[in-house]
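Here's the structure we're looking at; comments come further down.
Have a look at this one:
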């Protein structure tokens with residue numbers, strides 16, 4: 068009965084197991100987010116957009132793509148695009164959204180607009196791009212009106228023309244309403260509150276658990292050492308007792324042999 072109770076005491080409680088799993092999961096999740104975020108910022112630093120394994124996670128800085136299409140997006144969203152390759156560019160069609168490097172307020176930035184026309188001239192392919200916000204408006208792209216007003220449209224930035232080599236990435240999907248959250252996360256305050264602080268708290272908890280486990284292991288080790296020492300002492304005591312018993316038996320046997328020899332040496336008395 069006592070052995071059963073001791074075994075039950077040694078078994079960790081279900082609550083402790085669940086808490087350990089939860090804390091470990093949260094800890095590694097935060098570490099993973101921190102790693103991905105760090106990699107994305109390091110890789111995408113020169114292009115003003117974080118990149119992970121060929122995918123760009125872009126903040127939307129204007130509402131030029133706000134429209135009625137299911138893949139239209141606004142400044143509230145984050146768009147995910149994939150790095151362009153020769154093969155993916157060759158498969159582009161009207162209606163696709165592509166990203167190119169242009170200028171916004173005099174600074175280089177990624178710009179994502181929809182392909183409204185593809186014009187091939189000899190070996191050169193030109194992609195004509197326009198934002199969805201012009202849908203249904205007088206400046207919406209029309210091949211006939213564009214041909215006669217091309218310079219004016221380009222000057223007013225109503226459309227953009229890019230070649231194959233200028234396509235940086237191709238739109239994949241959007242993360243709806245995540246723009247504000249990501250902007251906050253990429254700020255110093257947001258990074259500290261959402262990444263560094265939780266990591267610090269979880270790391271502290273992990274260290275506390277580690278110290279407790281090490282302390283428990285040390286106690287078990289000390290108990291084992293004491294038990295081994297007691298066992299060794301008991302063994303030595305038993306060996307000493309056995310040695311003394313053997314010596315006593317040897318002395319008794321020697322004494323008996325001496326007495327027997329004395330009896331043999333005594334002369335026989337004649338009657």
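Residue numbers (the numbering used here): 68 to 338. Every residue, glycine too, gets a C-beta built ideally from N, C-alpha and C.
Tell me residue 236's beta-bridge partners as DSSP assigns them. 150 and 166
Residue range of the unbroken beta strand (DSSP E) whose run includes residue 184: 174–188
Residue 113: buried (16+ other C-beta within 10 angstroms of its C-beta) or exposed? Only weak support exists for where residue 113 lies, its pLDDT of 43 falling under 50; the value from the coordinates is given anyway. Counting Cβ neighbours within 10 Å, residue 113 comes out exposed, since fewer than 16 surround it.
According to DSSP, residues forming a beta bridge with residue 218: DSSP output for residue 218 lists no bridge partner at all.
For residue 135, which of helix, strand or coil comes out of DSSP? coil
Pairwise C-alpha distance: residue 285 and residue 238: 57 Å
Is the beta carbon of residue 87 closer than 8 Å to that of residue 132? no
Would DSSP call residue 204 helix, strand or coil? coil
Using the three-state DSSP reduction, which class does residue 310 fall into: helix, strand or coil? helix
Local Cβ density within 10 Å of residue 170, reported as buried at 16 or more and exposed below that: exposed
Please identify the residue among 217, 176, 279 and 240 whose C-alpha is closest to the C-alpha of residue 137. 240
Under 8 Å, do residue 164 and residue 191 count as touching if we go by C-beta distance? no
So residue 246 and residue 144 are supposed to be a Cβ contact under 8 Å. How far apart are they, rounded? 5 Å
Residue range of the alpha helix (DSSP H) that residue 258 falls in? 255–258
Taking a contact to mean a Cβ-Cβ separation below 8 Å, would you say residue 234 touches residue 197 in this structure? no
Excluding sequence positions up to five away, which residues of its chain have a Cβ less than 8 Å from the Cβ of residue 128? 142, 171 and 176
With distances taken between CB atoms, is the gap from residue 236 to residue 160 smaller than 8 Å? no
How would you label residue 319, buried or exposed, when you count the other beta carbons within 10 angstroms and need 16 or more for buried? exposed
Would you decide whether residue 126 is buried or exposed? Buried here means 16 or more other CB atoms lie within 10 Å of its CB. buried
Around the C-beta of residue 212, are 16 or more other C-beta atoms found within 10 angstroms, so that it is buried, or is it exposed? exposed
Since residue 125 sits in a beta bridge, which residues does DSSP pair it with? 146
Residue 215 to residue 147 span [Cα, whole Å]: 35 Å
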